[in-house]
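In terms of the UniProt record's numbering, the sequence shown opens at residue 1 and continues consecutively.
Have a look at the structure below before the remarks.
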Amino acid sequence: MPANGDRGSGVLAGDWYCTSGNCRAHNYGRRMNCIICGGVRDDADARSRGTRSSGWKSGDWMCT
1 MPANGDRGSG VLAGDWYCTS GNCRAHNYGR RMNCIICGGV RDDADARSRG TRSSGWKSGD
61 WMCT
């Protein structure tokens, strides 16, 4: 953790929020089921936000 105590957002590319009921738990991108309620990841929701399992988003580019 930084010296100032700021943890940042903690949300990485590919992470998702559970859409099962009112859960809304933050889950790492590697998970297929919610860590809290066990709900199944909604891959269509992840695609609509432009996230992919590789972490690349539409418009990303690599400096060469």
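In this text, a Cβ means the ideal position worked out from N, Cα and C, and glycines have one as well.
Hey, residue i and residue j are a contact pair by Cβ (cut 8 Å); roughly how many whole angstroms apart?
i: G39; j: C18; result: 5 Å
Which value, in whole angstroms, describes the spacing of the CA atoms of residue i and residue j?
i: A46; j: S20; result: Because the pLDDT of A46 is 49, which lies under 50, any placement of that residue in the model is unreliable, and the question is left without a value.
i: K57; j: R31; result: 19 Å
i: N33; j: C23; result: 12 Å
i: W16; j: H26; result: 6 Å
i: I36; j: Y28; result: 12 Å
Who are residue i's beta bridge partners in DSSP?
i: N27; result: W16
i: N33; result: V40
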